[in-house]
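See below for the structure under consideration.
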DNA sequence: ACCTGAACACCGTTCAAGT
DNA sequence: ACCTGAACACCGTTCAAGT
């Protein structure tokens, strides 16, 4: 991925292209039309170039989307509240969820093995916070990974469906239709779902993310307490 | 989605098409070539038809992949050990992870709002098991959702990357390369990652899934204990 | 070094026409 | 009711040729 040297382009355009500019325009397009709506032709048109020119700055569409998601994650990380008292992990996780929630296409592309700068930064910050708990050192990596996977994986699950749904119908009517369907299921086969229609209709996505997160963090502090001295009071 | 009535087809083929047959062939193709390798033309060729014929049985590619993933989930659910003592949730989660692990393309398509039979079954079984813990009833839905999201979301995160990687290089050398990259990062900026290269190299994906799962379940039993009588001994 | 323009090799999906 | 075959309207990606 080459860097622009700041020279003006040969053609008539005043602004040279760069990976940053291409990725930025891709984020805008993804926000507007989703992943399927991102097209090299359309993106090139908006940047006043040909589609071929984009390949000088990004390797292919997969890389472009991954870079776009990493940029969104970077914005989310910048919004993490600095004062890291005892609730650092929770605040970090919530900020990432909220950041990704504004760009529904992004969540599923934030992964550890992508090894992009902000993905690594997120992993490192989680790991650093985990290391500050009372957990024995040999568990730090597994626990940090668990939190990372929870934040990225569960965010993707919660946020992504809205993309598919969003265009056609709004959230409330979608939930209402789903609840109706659950209500018509055979109670003998689906004893839980048939009784959970009200809860489904009234639930808040962000609260769901928080409920699971708190369960995970409770388990973390419980396991820290049982295996080593816990330097902080339970949350 | 029409059902086949069992009549022989008009043409020379002995076996009539049906949604089940189409989805079954799609699973085989997805296993072989991944999501991008699944093509209506190629699938039609294998079924000795034209691509257009498939649209009589499935609405489009999105539905086809969703149905294929649900079929895989069905196989995973069939493998859940029946004796549901106190560890039912854990055994259920592990069976689903292992089942999805055999079909890496599937995990990211197992979602609650898809409302396909096996997705609903999974959700219901989780909910039923959650309801048997000591949790107050008003928390059942949120906790069941958290476990469902953990199982599907984290499985997708852990399993999916292998698809991208798999073809080019094997897991071990991929981890080695990633560990090397982490090792070269600035320790001031990435204090945790630079010290975690050995853990990265040696980790087992399934253990990672279990570590987070146990954290979550520990949190569940801890929160059950603090809010209501827990009918079962802690695991 | 960076961009243009057009071509290549595909896709998913539709649909008149058949049986 | 189910299938055929071909067409439509796109895609991502490449690459000679320009500046």
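Chains as they are written, first to last, in the UniProt record's numbering: chain F, 1 to 235; chain D, 1 to 235. Note that the Cβ used here is the ideal one computed from N, Cα and C, for glycine as well.
Span separating the alpha-carbon of residue i from that of residue j
{"i": "residue 194 of chain F", "j": "residue 88 of chain D", "result": "21 Å"}
{"i": "residue 63 of chain D", "j": "residue 186 of chain D", "result": "45 Å"}
{"i": "residue 49 of chain F", "j": "residue 20 of chain F", "result": "15 Å"}
{"i": "residue 150 of chain D", "j": "residue 213 of chain D", "result": "8 Å"}
{"i": "residue 54 of chain F", "j": "residue 97 of chain D", "result": "39 Å"}
{"i": "residue 210 of chain D", "j": "residue 130 of chain F", "result": "17 Å"}
{"i": "residue 170 of chain D", "j": "residue 222 of chain D", "result": "40 Å"}
{"i": "residue 184 of chain D", "j": "residue 157 of chain D", "result": "25 Å"}
{"i": "residue 17 of chain F", "j": "residue 172 of chain F", "result": "42 Å"}
{"i": "residue 108 of chain D", "j": "residue 34 of chain D", "result": "13 Å"}
{"i": "residue 191 of chain D", "j": "residue 114 of chain D", "result": "41 Å"}
{"i": "residue 32 of chain D", "j": "residue 205 of chain D", "result": "22 Å"}
{"i": "residue 112 of chain D", "j": "residue 182 of chain F", "result": "12 Å"}
{"i": "residue 60 of chain D", "j": "residue 189 of chain D", "result": "47 Å"}
{"i": "residue 203 of chain F", "j": "residue 36 of chain D", "result": "35 Å"}
Chain F contact for residue i (CB, 8 Å cutoff)
{"i": "residue 181 of chain D", "result": "yes"}
{"i": "residue 216 of chain D", "result": "yes"}
{"i": "residue 178 of chain D", "result": "yes"}
{"i": "residue 39 of chain D", "result": "no"}
{"i": "residue 96 of chain D", "result": "no"}
{"i": "residue 77 of chain D", "result": "no"}
{"i": "residue 134 of chain D", "result": "no"}
{"i": "residue 220 of chain D", "result": "yes"}
{"i": "residue 159 of chain D", "result": "no"}
{"i": "residue 186 of chain D", "result": "no"}
{"i": "residue 69 of chain D", "result": "no"}
{"i": "residue 93 of chain D", "result": "no"}
{"i": "residue 49 of chain D", "result": "no"}
{"i": "residue 212 of chain D", "result": "yes"}
{"i": "residue 20 of chain D", "result": "no"}
Residue i and residue j closer than 8 Å at C-beta
{"i": "residue 80 of chain F", "j": "residue 95 of chain F", "result": "yes"}
{"i": "residue 219 of chain D", "j": "residue 92 of chain F", "result": "no"}
{"i": "residue 47 of chain F", "j": "residue 38 of chain F", "result": "no"}
{"i": "residue 82 of chain D", "j": "residue 217 of chain D", "result": "no"}
{"i": "residue 127 of chain F", "j": "residue 196 of chain D", "result": "yes"}
Residues near residue i in its chain [Cβ-Cβ closer than 7 Å; skip 5 each side]
{"i": "residue 201 of chain F", "result": "175, 176, 179"}
{"i": "residue 44 of chain F", "result": "50, 51, 53, 54"}
{"i": "residue 25 of chain F", "result": "43, 46, 47"}
{"i": "residue 208 of chain F", "result": "158"}
Other residues of its chain near residue i: CB distance less than 6 Å, five sequence neighbours each side excluded
{"i": "residue 73 of chain D", "result": "110, 118"}
{"i": "residue 116 of chain F", "result": "70"}
{"i": "residue 199 of chain D", "result": "none"}
{"i": "residue 155 of chain F", "result": "97, 100, 107"}
{"i": "residue 152 of chain F", "result": "110"}
{"i": "residue 40 of chain F", "result": "51, 54"}
{"i": "residue 12 of chain F", "result": "The predicted model places residue 12 of chain F with a pLDDT of 40, which falls under 50 and marks its position as unreliable, so this point remains unresolved."}
Minimum Cβ-Cβ distance from residue i to chain D less than 8 Å
{"i": "residue 169 of chain F", "result": "no"}
{"i": "residue 193 of chain F", "result": "yes"}
{"i": "residue 203 of chain F", "result": "yes"}
{"i": "residue 231 of chain F", "result": "Bear in mind that the predicted position of residue 231 of chain F carries a pLDDT of just 42, short of 50, making it unreliable; the figure below should be weighed with that in mind. Taking Cβ atoms only, chain D never reaches closer than 8 Å to residue 231 of chain F, which makes this a no."}
{"i": "residue 87 of chain F", "result": "no"}
{"i": "residue 145 of chain F", "result": "yes"}
{"i": "residue 208 of chain F", "result": "yes"}
{"i": "residue 249 of chain F", "result": "Here chain F covers residues 1 to 235 and nothing more, so residue 249 of chain F does not appear."}
{"i": "residue 113 of chain F", "result": "yes"}
{"i": "residue 66 of chain F", "result": "no"}
{"i": "residue 223 of chain F", "result": "yes"}
{"i": "residue 242 of chain F", "result": "Because chain F spans 1 through 235 in this model, residue 242 of chain F falls outside it and cannot be assessed."}
{"i": "residue 58 of chain F", "result": "no"}
Closer than 7 Å: residue i CB and nearest the ligand NAP heavy atom
{"i": "residue 30 of chain D", "result": "Absence of the ligand NAP from the depicted structure is noted, as is the absence of any ligand whatsoever, leaving it without description."}
Cut-off 8 Å between Cβ atoms - residues of its own chain near residue i, not counting five sequence neighbours on either side
{"i": "residue 23 of chain D", "result": "58, 64, 67, 68, 71"}
{"i": "residue 27 of chain F", "result": "68, 71, 72, 103"}
{"i": "residue 99 of chain F", "result": "72, 73, 75, 76, 77, 79"}
Task: Inter-stretch contact (C-beta, 8 Å, three-pair minimum) for the region 122-139 of chain F and the region 128-145 of chain D - done: no
TODO: Could you tell me whether the region 141-149 of chain D touches the region 123-130 of chain D, where touching means 3 or more Cβ pairs closer than 8 Å?
DONE: yes
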